Every structure is written in C-alpha cells, then in structure tokens.
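Take a look at the structure set out below.
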Amino acid sequence: MVRFIGAAKMKACRHIVTAVLAVAFAAATSSAALAALPKKPAVATAAKAKKIAKIARHKARPIVAPSLASLQRVTAAPTCDRTSFRLLIDVGHTLEAAGAVSARGMNEYQFNLTLARELDDVLHKRGFENTAVMITEGRTRPGLGARVARINKIAPDLLLSIHHDSVPDNLLQTFQYDDKTRNFSDKFAGHSIFVSAANPHYASSVLFARTMGNEMTARGLHYTPHYIEKIMGSRQRELIDAEAGVYRYDALLVLKNTRVPSVLLEAGSIINRGEEWKLRQAQYRAPITAAIADAVDLYCRFKPPSETAIAAKGPMPRVVINDVTKVKVAHKGGKGKIRLAARGNKKPAKLARHP
Ligand SMILES: [Zn+2]
Numbered sequence: 007m008v009r010f011i012g013a014a015k016m017k018a019c020r021h022i023v024t025a026v027l028a029v030a031f032a033a034a035t036s037s038a039a040l041a042a043l044p045k046k047p048a049v050a051t052a053a054k055a056k057k058i059a060k061i062a063r064h065k066a067r068p069i070v071a072p073s074l075a076s077l078q079r080v081t082a083a084p085t086c087d088r089t090s091f092r093l094l095i096d097v098g099h100t101l102e103a104a105g106a107v108s109a110r111g112m113n114e115y116q117f118n119l120t121l122a123r124e125l126d127d128v129l130h131k132r133g134f135e136n137t138a139v140m141i142t143e144g145r146t147r148p149g150l151g152a153r154v155a156r157i158n159k160i161a162p163d164l165l166l167s168i169h170h171d172s173v174p175d176n177l178l179q180t181f182q183y184d185d186k187t188r189n190f191s192d193k194f195a196g197h198s199i200f201v202s203a204a205n206p207h208y209a210s211s212v213l214f215a216r217t218m219g220n221e222m223t224a225r226g227l228h229y230t231p232h233y234i235e236k237i238m239g240s241r242q243r244e245l246i247d248a249e250a251g252v253y254r255y256d257a258l259l260v261l262k263n264t265r266v267p268s269v270l271l272e273a274g275s276i277i278n279r280g281e282e283w284k285l286r287q288a289q290y291r292a293p294i295t296a297a298i299a300d301a302v303d304l305y306c307r308f309k310p311p312s313e314t315a316i317a318a319k320g321p322m323p324r325v326v327i328n329d330v331t332k333v334k335v336a337h338k339g340g341k342g343k344i345r346l347a348a349r350g351n352k353k354p355a356k357l358a359r360h361p
C-alpha cells in the first residue's frame with residue numbers, strides 16, 4: 007500500500023485527479039460487473055451448496071492482497087497514456103514444449119499464441135503502440151529462465167502471461183475423436199487468474215488481476231473455483247478474490263522472478279470438450295480480448311507509465327522472439343528475424359511480419 011501511494015504521488019502531475027475518481031472507478035467497475043452478471047440460479051444440489059460455502063470461507067479469510075479500501079486511496083489519471091504504456095504479452099510455453107493437449111488434440115501453445123496475437127491486435131487498434139507479444143522458443147526449463155531474463159531486460163510496465171488450462175492426469179477420461187482415443191475432462195470450465203506474493207510488485211499485480219477478472223465477469227465470462235478443491239492436490243491454490251477469480255501462486259517462476267507487475271491468465275479449459283470448442287471460435291475469444299484490453303486501460307490510469315519510461319527503456323518491438331540459444335528481438339521497422347509458429351505446423355514457419 008505504501009509503495010502504491012508513493013508511486014502514484016511521484017506521477018501526480020497534470021493528469022492526476024483526486025481519490026474521488028478512484029472511488030468512483032472502483033464502484034463503477036464493481037457495479038458494472040454486478041449489473042452484467044447473470045442471475046444466480048437456485049442451488050440445485052448439496053454439492054453445489056458445499057462448493058459455495060467453501061468459496062465463502064475463502065472469502066472470509068484475511069486477504070493478503072491489498073484491499074479495495076487501500077486501492078481507493080490511490081489516485082487515478084483521467085485517461086491512460088496509451089502510446090507510452092508498455093505491455094508485454096507472454097505466450098505461454100513453446101512450440102517445442104507446447105504445454106497441455108486439448109480434448110481434440112490441439113496444443114496449448116497454439117491457443118496461447120492465437121489469443122495473444124488477437125489481444126495484441128485489439129490493443130494496437132486502441133492506440134497501445136507499445137504492446138508486444140513475446141514468443142519463447144526451446145525446451146521448457148531453459149525456456150523459463152530465458153523468458154524471465156528477457157522480461158526483466160525489457161522491463162515492461164505490465165506483464166501478462168497467456169495460458170490455457172487442463173486437469174491433473176487422475177481426472178482424465180477418454181473418448182473417440184477423429185478415429186483417435188483422446189483425453190478429456192468436462193468437470194471444470196472457466197478461466198482463472200494468478201499472481202505471486204513473491205513478486206516485488208505484488209500490489210500492482212493484484213490490481214491488474216482484479217480489474218481483469220471484474221471485466222471478464224462483466225462480459226458474462228465465469229472463472230473456475232476448482233483450484234481451491236482438495237482434488238487439485240499440489241495444484242491447490244488460495245483464492246484471494248472470490249469475485250474476480252484471482253488466485254495466489256507464489257512459486258510460479260514467470261510471476262515470482264519477474265521484477266515487473268506480473269499476472270498469469272488461464273483463459274479457459276481446453277481439456278473440457280465444450281469450452282475447448284468455444285475457445286476455437288473467434289467470436290468467443292472476442293469478449294475475452296475486449297475485457298483484457300479494458301482492464302489494461304483502467305490499470306494504466308492507476309499506474310500510469312513514467313513520463314521518462316520510453317526514453318529510458320526504449321519503445322517496445324511488436325514481436326519479441328526469445329530463442330533460448332540465440333535471443334533475438336525484432337524491432338519495429340527493423341530487419342530482425344521474425345519467426346512465428348504457423349497454426350498446425352510442427353516446425354516454426356517463417357512468416358511475414360506480425361500484422
Ligand atoms: Zn500453460
């Protein structure tokens with residue numbers, strides 16, 4: 007909280023309005039979210055009642071994240087300086103180590119890349135010129151280190167890592183699709199958002215995570231509460247915001263070792279047959295990217311980019327290729343080698359510059 011107010015004061019110059027706006031913002035975002043929420047159906051089963059009671063218990067726990075009251079004391083700029091705000095969208099996993107496999111056999115990496123590029127497009131259309139997609143190449147372990155190192159070197163105002171969810175192996179069932187036996191689990195559906203309390207910018211990370219969660223809820227998207235379930239074993243997490251769907255995942259490298267506000271989004275469950283099918287449709291992804299873009303805009307008003315950030319750190323490239331052995335950055339207008347994974351290809355294909 008102290009860091010929050012201090013940082014805001016440093017930027018309290020011509021664009022700053024009073025805390026009244028901040029209070030109005032908080033009220034507006036939450037009321038908009040509530041207004042758009044579909045009416046809750048009556049509790050149909052005892053199991054569901056138990057689940058709701060469990061969420062309520064988590065809600066009642068002391069929240070380690072900054073409270074809304076503390077956020078309301080942060081001043082906000084009336085608008086976001088979109089050209090200066092530096093957002094880095096991290097595409098989860100790599101082509102070589104592609105993460106989860108969907109119910110119909112598509113790699114998580116392809117889902118992550120598609121959503122990241124669409125989000126990047128939406129933001130650029132809105133004037134966020136310094137938004138970049140980061141694609142990491144190579145195997146998982148060195149890939150993680152290279153990912154974190156590159157993020158810290160670029161030092162964006164905000165990092166958003168895009169992923170898609172699966173379930174632990176013991177929950178998997180099988181079905182036939184395309185003459186092949188595939189794994190699936192229709193048990194859970196919905197997105198989830200993660201932050202790490204070990205991140206030096208935890209409060210800012212939570213601010214963005216909450217804002218994004220509320221914006222997604224406002225568009226009728228639902229988060230999955232299953233990470234609080236015992237069945238998740240070592241993947242069980244603490245739910246720190248039961249309305250926005252924000253969990254704490256302190257040990258996650260891309261959140262813990264980065265020195266910038268960092269949030270990870272599991273955009274949905276691709277092992278769930280129904281949700282996977284929806285996530286493959288552009289019209290279903292559109293409200294997701296719109297919600298994230300709105301959240302970036304709101305966050306940027308609370309945590310405006312430093313006026314000297316661009317001069318100090320340089321403009322963001324459109325695409326960052328993070329090769330484990332040969333790290334390259336493709337600059338806007340430059341001749342850097344850009345390799346994007348073509349959908350469905352096993353090997354990265356050389357494509358034209360990211361549109
Ligand atoms: Zn993942």
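Going by the numbering used here, the sequence shown opens with residue 7, and the numbers climb by one from there. Beta carbons are placed, not taken as given, at the ideal position from N, Cα and C, and that holds for glycine. Fair warning: this is a prediction, and the values are worked out from it, not measured in the lab.
C-alpha gap between V201 and T51, whole angstroms: 32 angstroms
Give every residue of the same chain whose Cβ lies closer than 6 angstroms to the Cβ of L304, excluding the five residues on either side of it in the sequence, and list them in chain order. T217
Compute the distance between the beta-carbons of R145 and A103, then report whether it is under 8 angstroms. yes
What's the gap between the Cα of L258 and the Cα of N176? 22 angstroms
Got a sec: does ligand 1 put a non-hydrogen atom nearer than 7 angstroms to the Cβ of H99? yes
Leaving aside the five residues before and after S191 along the sequence, list all residues of the same chain whose C-beta is less than 7 angstroms from its C-beta, in chain order. V173, L177, L178, Q179, I277 and N278
Kindly indicate the opening and closing residues of the beta strand (DSSP E) around D247. Annotation for D247: the continuous beta strand (DSSP E) segment containing it runs E244 to D247.
Beta bridge counterpart(s) of A138 as assigned by DSSP: L94
H228, DSSP secondary structure in three states: coil
What separation, rounded to the nearest whole angstrom, lies between the Cα atoms of A296 and L285? For A296 and L285, the distance between alpha carbons rounds to 15 angstroms.
Run through DSSP, which three-state label would S268 get? strand
Do G196 and ligand 1 come close, with the Cβ less than 7 angstroms from some heavy atom? Flag unset: Cβ of G196 not near ligand 1.
Tell me, please, which residues DSSP counts as bridged to T223. Partner(s): none; T223 has no beta bridge.
Would you kindly work out how many angstroms separate the C-alpha atoms of S210 and S90, rounded to a whole number? 18 angstroms
If you compare alpha carbons, which of Y290, V212, P231 and H207 is closest to R265? H207
DSSP three-state call for V325: helix, strand or coil? strand
Kindly indicate the opening and closing residues of the beta strand (DSSP E) around N189. K186 to F190 is the extent of the beta strand (DSSP E) around N189.
From A55 to H232, what does the alpha carbon distance come to, in whole angstroms? 14 angstroms
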